[in-house]
Amino acid sequence: MNARAVLACALGLVLVLGGCADTDRRTADGPTPSTATTPPSPSPKPTVSPKPTRTSPTRQPLRPRPTKMPTGLRRTTGVRQVALTFDDGPSPAWTPKILDQLRSAKVTATFCLVGSEVRHHPELVRRIVREGHQLCNHSWRHDIDLGRRTAAEIRADLERTNKAIRAAVPNAKINFYRQPGGVWTPEVVAVAKQFGMSPLHWSVDPQDWRRPPAKTISKRVLAAVRPGSIVLMHDGGGNRAATAAACQSLIGELKRHYGVTRLS
Numbered sequence: 008m009n010a011r012a013v014l015a016c017a018l019g020l021v022l023v024l025g026g027c028a029d030t031d032r033r034t035a036d037g038p039t040p041s042t043a044t045t046p047p048s049p050s051p052k053p054t055v056s057p058k059p060t061r062t063s064p065t066r067q068p069l070r071p072r073p074t075k076m077p078t079g080l081r082r083t084t085g086v087r088q089v090a091l092t093f094d095d096g097p098s099p100a101w102t103p104k105i106l107d108q109l110r111s112a113k114v115t116a117t118f119c120l121v122g123s124e125v126r127h128h129p130e131l132v133r134r135i136v137r138e139g140h141q142l143c144n145h146s147w148r149h150d151i152d153l154g155r156r157t158a159a160e161i162r163a164d165l166e167r168t169n170k171a172i173r174a175a176v177p178n179a180k181i182n183f184y185r186q187p188g189g190v191w192t193p194e195v196v197a198v199a200k201q202f203g204m205s206p207l208h209w210s211v212d213p214q215d216w217r218r219p220p221a222k223t224i225s226k227r228v229l230a231a232v233r234p235g236s237i238v239l240m241h242d243g244g245g246n247r248a249a250t251a252a253a254c255q256s257l258i259g260e261l262k263r264h265y266g267v268t269r270l271s
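Whatever position you read off the sequence shown (first residue = 1), add 7 for my numbering.
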């Protein structure tokens with residue numbers, strides 16, 4: 008091979024090796040823009056459905072507190088004799104004591120029963136009926152604002168209480184309804200009448216629920232009572248020791264001076 012041919016071969020070899028080196032450098036540095044790949048977009052995070060939450064039914068706002076008593080309330084017996092009524096029971100501590108005193112005096116009374124207490128002490132409701140006393144619905148949990156609620160809420164409360172009473176005494180006669188706190192409204196009067204219950208108020212209130220001494224309870228009743236009065240006292244809703252003590256003499260006093268009658 009002559010010198011010119013050798014030189015040409017050597018030059019070609021240099022060019023080839025230089026191209027390979029350039030290619031290796033591009034590969035090491037990364038792909039050229041024309042061959043670069045777009046990085047994959049992140050996968051969307053799976054959406055999680057929120058857990059359902061329990062919501063209580065929205066209670067309707069109360070109607071304004073009444074400024075006067077509605078018509079149609081029972082306030083007197085209609086005869087000379089007076090009537091005794093006992094609220095907020097039945098109570099295992101105090102109702103039996105009142106029942107014992109009524110039985111000893113041979114008189115009957117009306118017991119205004121709170122539904123939640125009836126559920127816990129059905130045996131006392133059975134004794135009340137067995138001994139000849141009358142029953143009165145006094146709401147499920149002594150809800151003073153019941154008369155200010157919707158007619159549907161009033162109806163549900165009174166029906167629930169009646170069902171509890173009749174669970175204790177099937178086919179029991181529930182002739183009366185008494186609104187807790189005496190916060191009567193035309194709406195609660197109307198619903199009570201729909202259930203066949205007469206709205207039962209009172210004319211003598213010695214405030215025995217405040218637990219004054221027994222002598223004070225007796226004094227207040229005897230000072231306020233008149234022929235035909237309906238006397239309000241309590242056999243439940245708290246400590247009724249003073250009421251039970253007052254009744255030991257008070258029931259006899261009322262029977263001697265006026266007579267004690269069964270509401271009709």
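Virtual Cβ for every residue (Gly too), placed ideally from N, Cα, C. This one's a predicted model, so the numbers in the text were calculated from it and none came from an experiment.
Nearest-angstrom beta carbon gap, residue j and residue i [assumed within contact, 8 Å]
i	j	result
Gln96	Ile151	Gln is not the amino acid found at residue 96; the sequence shown has Gly there. So it is not a contact: roughly 17 Å between Cβ atoms.
Arg173	His145	Not quite, the Cβ-Cβ distance comes to about 15 Å (not below 8 Å), so this is no contact.
Ala259	Ala112	Note on residue identity: the sequence assigns Gly, not Ala, to residue 259. Rounded, the Cβ-Cβ distance is 6 Å, consistent with contact.
Arg155	Gly266	Between Gly266 and Arg155 the Cβ distance is about 37 Å, and since that is not below 8 Å, they are no contact.
Leu261	Val232	7 Å
Leu106	Thr115	Actually they are not in contact, since the Cβ atoms of Leu106 and Thr115 sit about 10 Å apart, beyond 8 Å.
Sheet register partners of residue i (DSSP bridge)
i	result
Leu120	Gly96, Asn144
Arg296	This structure leaves residue 296 out entirely; the chain is present only between 8 and 271.
Ser236	Thr83
His241	Asp94
Val267	Val89
Test item: CB-CB of residue i and residue j under 8 Å
i	j	result
Asp212	Leu229	no
Leu91	His208	no
Gln67	Thr168	no
Val136	Leu120	no
Asp215	Thr102	no
Trp191	Pro77	yes
Ser98	Glu124	yes
Arg82	Ile237	yes
Leu165	Ala199	yes
Leu257	Ser205	no
Phe183	Thr117	yes
Gly122	Ala171	yes
His149	Gly244	yes
Glu275	Ile161	The displayed coordinates of the chain run from 8 to 271. Any statement about residue 275 would go beyond what the structure contains.
Run through the stretch 169-222 for me and flag every whole beta strand (DSSP E) of 3 or more residues, listed as ranges in chain order.
Whole beta strand (DSSP E) segments, 3+ residues: 181-184.
Assess, as a yes-or-no matter, whether the stretch 247-255 is touched by the stretch 213-220 under the definition of 3 or more beta carbon pairs within less than 8 Å.
The stretch 213-220 makes contact with the stretch 247-255: 3 or more CB pairs, one atom from each, lie closer than 8 Å.
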